[in-house]
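Novice:
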Amino acid sequence: MVFRILVLQLMATLVAVLLCVIYAGVRGGVSAALGGLACALPNVLLAWRVKVASTRHRAGFVVVFFLGEIVKLVAIIGLLVYIAKAYDDLHWPSLLIGVGCATYALLFLAFWKKS
């Protein structure tokens, strides 16, 4: 499951990068990549942490999940703030497209057939 989440978010981010490179140039592609990765990496860490917790502590699983969600959201916001401050050539529409594609890619996970 963790692998599917990572692959799906990275594929969606790649599509966003390609579209943004076409319409906004390299600056847009880099911005879309940063936005997509800012969402994908905390999601992967949360999924890994929940998987580890589910094999160890059945009773604490719910607590780990909800605390992990809070930490994930704070990490995403922190990464986006850091990107906005550190990358001077940021193209905001492309960054938001990258964030949107990576975030909404999780909706398609339900339709991904198990192989």
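Basically the numbering used here = 1-based index in the sequence shown + 13.
Ideal Cβ positions, reconstructed from N, Cα and C, are used throughout, including at glycine.
Please read all numbers here as calculations on a predicted model, not as lab measurements.
(1) Indicate whether C33 and A45 have their beta-carbon atoms separated by less than 8 Å.
(2) What's the call for S107, buried or exposed, on a 16-neighbour Cβ count within 10 Å?
(3) Compute the Euclidean distance between the alpha carbons of G91 and F124, then round it to the nearest angstrom.
(4) Inspect the beta-carbon positions of A66 and L19 and report whether they are closer than 8 Å.
(5) Just tell me which of G41, A25, F79 has its CA closest to the CA of D102.
(6) Please classify I83 as buried or exposed, where buried requires at least 16 neighbouring CB atoms within 10 angstroms.
(7) Considering just the uninterrupted stretch of the alpha helix (DSSP H) at L119, what are its terminal residues?
Specialist: So, to answer that:
(1) yes
(2) buried
(3) 30 Å
(4) no
(5) G41
(6) exposed
(7) Here L119 belongs to no alpha helix (DSSP H), and DSSP marks it neither H nor E.
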